[in-house]
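A short write-up of the structure that comes next.
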Amino acid sequence: MIFFMCSCQQTSHHHHLLTKTHLNILRETTEPLLKLTESLCVCVAGSSAAVKKTHTSQIEIIPCKICGDKSSGIHYGVITCEGCKGFFRRSQQSNAAYSCPRQKNCLIDRTSRNRCQHCRLQKCLTVGMSRDAVKFGRMSKKQRDSLYAEVQKHRLQQQQQQQQQQQQGSILASHPGLSSPSPAESEPVSPHYCLSSTGLTELPDELGGYMEQNSPEGGSVSSKADSGGGGGGEGGGGGFYLDFQPSPDQSGLDINGIKPEPLFDYGSSNDFFPYCSFSNGDTSPTVSMAELDHQVQLISKSHLETCQYLREELQQMSWQNFLQDEVESYQSKPREVMWQLCAVKITEAIQYVVEFAKRIDGFMDLCQNDQIVLLKAGSLEVIFVRMCRMFDSQNNTVFFDGKFAGPDVFRALGCDDLISSVFDFAKSMCSLHLSEDELALFSAFVLLSADRSWLQEKLQVEKLQQKTQLALQHVLQKNQREDGLLHKLRCKVSALRSLCSRHTEKLSAFRAVYPDIVGTHFPPLYKELFGADLELTLQTDDD
């Protein structure tokens, strides 16, 4: 688009003035863009720098389409931050050939964008970055309409957040060490989920294309912004509905087409775990070894792709323990501040568990109610299982807030008994020396527990749990593990239930003293996951 400008100096003979005819043509052809940059026409009395600043400030309200960080404008055809713009420019200048240390499907967000250059570049290309991208002024009317709608939506969200922050002012004033969970702290993972009665929803909507963009290789890729969707519709609860589908690797896996040569009988192992309740005899079909191998491969892949850290990364950081003055700093924090910090860290881990659940074959085929029930009941249990990857048994420390921390770091929480039990559980899990495959399958089995209350289609969950159970048994036998390991895992399932129950009790006691802190400053996803149990506990206490 041509910008018409004039000099403010009356002595200049080279200035250009906007005539009424020119202005009418400009308005007719670029009405949406004029709305987006409503002060553009005022540039007759301004400078080109002021016009560019106005245009950019409008767009910057939309986060970076690559990593979710604060954007700085449209670069190479896509709204990105300065970091992703520079990364893409360097990749094109050097024609670099990057390699991925994982499965070529790494999560790219503010905190992880520098870990894998290959996946970051692929995401840049996926959302449409190109050296040959058209300039902003040459956008189609449909694209401008979409961009304008997205800006308006983010502006509305920003206004709502500002109103909420004003309401929180009185609480912050009375608790100087407390802070509202910022996006960089409480929502570092893409995408950001909440759970509602309508199913899995995503917050915020700028990552609306995440599911397609981060699907395994070979899947179709699309972006809401590119398709003119503008960012999806607003849900009744303030979230934006995301239509989840099984990943291409899952939906394209023709399990039924595999020849069932060696057969494994479901019926022979119904008493494998105490929480595996198989109520219908018709749910005990035979499964081929090839099927089980595929199941193992699929769940293991999903597990590795959704772990916060690789084992190698944790080993490299194993020497980074908190110094004594740092430990004392955590111990001196107000109780409510430490609780909020831990709630934020748990929420970060939960977001990875949600992503893991989505990639389990068959999980997204469950009804929305059952998806929510399983995640609410099982997310924290899976976090405790995964904790053994981040636990140093020799030093009795766990990776927390950037370094390895012992139990004394968490003293300010006021629940030493729970912390001690969590550390004991992690140490006992480490003693089993589970491989990544075994850990992945055990995590999936725990998540797919068919005995959860409020399941609507229990039979479907039982089938998934049975299949996962057999895959776990299959890999244990394949790895020639000792027979007693099955019994030990059985004990872990009951221990997990006990730990989560105690967490709910401690949270209930904390909220009884600090109701405003929990309601206002804890991450929304954390409150949604544990809110129902908390309300139930409080009602029981009142009775």
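Numbered per the UniProt record's numbering, the sequence shown spans residues 1 to 543. Beta carbons are placed, not taken as given, at the ideal position from N, Cα and C, and that holds for glycine.
Where the beta strand (DSSP E) containing residue i begins and where it ends
i           : result
residue 73  : 73–75
residue 446 : No beta strand (DSSP E) holds residue 446; the alpha helix (DSSP H) holding it covers 436–447.
Beta-bridge partners of residue i, as assigned by DSSP
i           : result
residue 365 : DSSP lists no partner for residue 365.
residue 391 : 398
Euclidean distance between Cα positions of residue i and residue j
i           : j           : result
residue 301 : residue 368 : 24 angstroms
residue 125 : residue 99  : 15 angstroms
residue 114 : residue 62  : 21 angstroms
residue 287 : residue 359 : 21 angstroms
residue 428 : residue 64  : 42 angstroms
residue 60  : residue 474 : 52 angstroms
residue 363 : residue 347 : 21 angstroms
residue 74  : residue 81  : 9 angstroms
residue 572 : residue 329 : Because residue 572 is not part of the residues shown, which for the chain are 1 to 543, the question remains open.
residue 129 : residue 466 : 44 angstroms
residue 295 : residue 444 : 11 angstroms
residue 419 : residue 335 : 14 angstroms
residue 116 : residue 421 : 36 angstroms
residue 304 : residue 103 : 8 angstroms
residue 425 : residue 384 : 8 angstroms
residue 460 : residue 371 : 11 angstroms
residue 365 : residue 289 : 23 angstroms
residue 404 : residue 392 : 8 angstroms
residue 151 : residue 476 : 52 angstroms
residue 524 : residue 108 : 22 angstroms
residue 66  : residue 89  : 14 angstroms
residue 468 : residue 72  : 46 angstroms
residue 431 : residue 394 : 11 angstroms
residue 502 : residue 321 : 27 angstroms
residue 406 : residue 127 : 42 angstroms
Collapsed DSSP secondary structure at residue i in the structure displayed
i           : result
residue 399 : strand
residue 80  : strand
residue 94  : helix
residue 87  : helix
residue 404 : strand
residue 450 : coil
residue 128 : coil
residue 159 : helix
residue 123 : helix
residue 457 : coil
residue 68  : coil
residue 101 : coil
residue 414 : coil
residue 468 : helix
residue 35  : With a pLDDT of only 46 at residue 35, under the threshold of 50, the placement of this residue in the model should not be trusted, and no figure is reported.
residue 110 : coil
residue 63  : coil
residue 331 : helix
residue 423 : helix
residue 480 : coil
residue 522 : coil
Span of the alpha helix (DSSP H), counted from its first residue to its last, around residue i
i           : result
residue 322 : Per DSSP, residue 322 belongs to no alpha helix (DSSP H) and is neither H nor E.
residue 295 : 289–305
residue 387 : Element bounds for residue 387: n/a, residue is neither H nor E.
residue 432 : Element bounds for residue 432: n/a, residue is neither H nor E.
residue 309 : Residue 309 -> no alpha helix (DSSP H), and no H or E assigned at all.
residue 317 : It is not in any alpha helix (DSSP H) - residue 317 carries neither H nor E in the DSSP assignment.
residue 494 : 484–513
residue 337 : 335–358
With three or more beta-carbon pairs closer than 8 angstroms as the criterion, would you say the stretch 467–480 touches the stretch 522–531? no
Segment contact, 8 angstroms Cβ cut-off, at least three pairs: the stretch 455–463 with the stretch 483–497: no
Report yes or no: do three or more beta-carbon pairs, one from the stretch 441–453 and one from the stretch 310–319, lie closer than 8 angstroms? The stretch 441–453, when compared against the stretch 310–319, does not touch it at the 8 angstroms Cβ threshold.
Does the pairing of the stretch 378–385 with the stretch 344–359 give three or more beta-carbon distances under 8 angstroms? The stretch 378–385 is in contact with the stretch 344–359.
May I ask you to verify whether the stretch 389–405 touches the stretch 316–335, counting CB pairs closer than 8 angstroms and requiring at least 3? Under the three-pair Cβ rule at 8 angstroms, the stretch 389–405 counts as touching the stretch 316–335.
Tell me, please, whether the stretch 426–445 touches the stretch 384–396 by the rule of three or more beta-carbon pairs shorter than 8 angstroms. yes
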